[in-house]
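There are 2 protein chains.
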Amino acid sequence: MALELNTAQALTLWQKANLHLVRDDDPDLSMRQMSILLTVYLEAPPHTVRGLAARLNVAKPVITRALDSMGRYNLLSRRRDEKDKRNVLIQRTVEGALFIERLADTIVELARKQEHI
Amino acid sequence: MALELNTAQALTLWQKANLHLVRDDDPDLSMRQMSILLTVYLEAPPHTVRGLAARLNVAKPVITRALDSMGRYNLLSRRRDEKDKRNVLIQRTVEGALFIERLADTIVELARKQEHI
DNA sequence: CTGAATCGTTTCGGCTGCGTATCATTTAAG
DNA sequence: CTTAAATGATACGCAGCCGAAACGATTCAG
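Quick mapping for you: the protein sequence lines, in order, are chains A and B. Each residue of the first sequence is one higher than the one before, starting from 1 at the first, in the numbering used here. Each residue of the second sequence is one higher than the one before, starting from 1 at the first, in the numbering used here.
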């Protein structure tokens with residue numbers, strides 16, 4: 001069964017979630033960084049630089065740089081693939097999992113407070 | 001009645017919507033720009049620079065610059081308040097309304113395709 | 001009328017991200 | 001072995017955004 005969501009609800013939820021992330025004091029992730037992070041946490045591993053670049057339709061250095069900056073926040077980490085040492089495997093971290101969890105709770109809460117329109 | 005949405009649904013929807021915006025070829029808006037745009041279109045006017053800065057918990061020049069760049073895309077426009085010429089009123093545009101409408105349709109569609117988890 | 005307050009803009013130096021091209025390392029092919 | 005291909009990282013110049021401070025225009029207070 002599909003998740004029911006009308007146009008006004010979708011927009012309002014999207015706005016409130018964005019607003020929430022902007023208003024808090026954590027550094028804002030760019031839309032690209034957010035997409036990378038969520039893809040790593042929600043889609044099946046393994047995740048490589050090249051794979052993420054293809055998934056996001058974006059150049060490889062974009063991924064490398066995003067991993068650098070989000071790595072600094074400990075939101076995810078890198079490891080060489082021992083099977084094929086050309087590859088880098090992107091891995092989840094405890095901090096990243098917590099971040100994602102908080103984000104999910106926030107969205108659920110915003111949706112819960114929303115009236116059917 | 002509240003909109004029901006569980007944690008996994010919230011995350012998946014958020015990821016897919018972000019991914020969609022990143023993958024398409026339009027220039028990405030920053031999270032701040034997105035918040036400004038949606039606030040202008042979803043919350044009651046009038047919208048001023050100062051008001052938006054307070055709403056987003058952000059410095060005034062952030063708003064001025066975002067209005068400059070989104071104005072270049074014709075996503076919104078500015079007008080002097082004739083009642084109090086210190087104020088600038090931020091106004092909606094046809095292009096902006098279409099952009100918002102497409103965004104909403106996208107989110108609704110992504111939600112519709114999503115299974116209950 | 002004059003000085004203070006308000007509002008949006010601009011300036012400044014600095015930081016981050018971008019795309020293209022190139023690089024070093026590793027693996028695969030002949 | 002030698003060469004080509006694949007992968008991620010780096011160099012480069014350039015765009016855009018940042019926060020803090022200063023500015024001009026307008027309105028308000030006394």
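A virtual CB, placed ideally from N, CA and C, is assigned to each residue, including glycine.
In terms of beta-carbon proximity, B:L67 stays away from the interface with chain A, with every pair separated by 7 Å or more. According to the DSSP assignment, B:R23 belongs to the alpha helix (DSSP H) that extends over 7-23. A:S69 has its alpha-carbon roughly 32 Å from the corresponding atom of B:E109. The Cβ of A:I107 sits closer than 7 Å to at least one Cβ of chain B. Under a 10 Å Cβ-count criterion, A:N57 is classified as exposed, with fewer than 16 other Cβ atoms of the shown protein chains found around its own Cβ. Taking A:N87 as reference, the option from A:G71, A:L103, A:T64 with the minimal CA-CA separation is A:T64.
By the rule that beta-carbons nearer than 7 Å mark a contact, A:V22 touches chain B. Where A:V40 is concerned, the enclosing alpha helix (DSSP H) starts and stops at 31-42. DSSP places A:L56 in the uninterrupted alpha helix (DSSP H) bounded by 49-56.
For the C-beta of B:D26, not a single chain A residue is nearer than 9 Å; the gap to the nearest is close to 11 Å. At a Cβ-Cβ threshold of 7 Å, A:M31 and B:D28 count as neighbours.
For B:T106, the CB contacts under 6 Å within the same chain, skipping 5 residues up- and downstream, are H20 in chain order. Neighbours of B:R32 in chain A, taken as residues whose beta carbon is under 9 Å from its own, are N18, V22, D28 in chain order. For a cut-off of 8 Å, the C-beta gap from B:L75 to B:L37 is around 6 Å, short enough to register as a contact. Within the DSSP bridge table, the entry for B:V88 names B:R80 as partners.
In the structure shown, A:T64 falls within a helical segment according to DSSP collapsed to helix, strand and coil. Per DSSP, the continuous alpha helix (DSSP H) segment holding B:A111 begins and ends at 94-112. Contacts with chain B (Cβ-Cβ distance below 9 Å) from the segment 50-65 of chain A involve R55, L56, N57, V58, listed in chain order. Taking 7 Å as the cut-off, the Cβ atoms of B:R79 and B:Q91 count as close.
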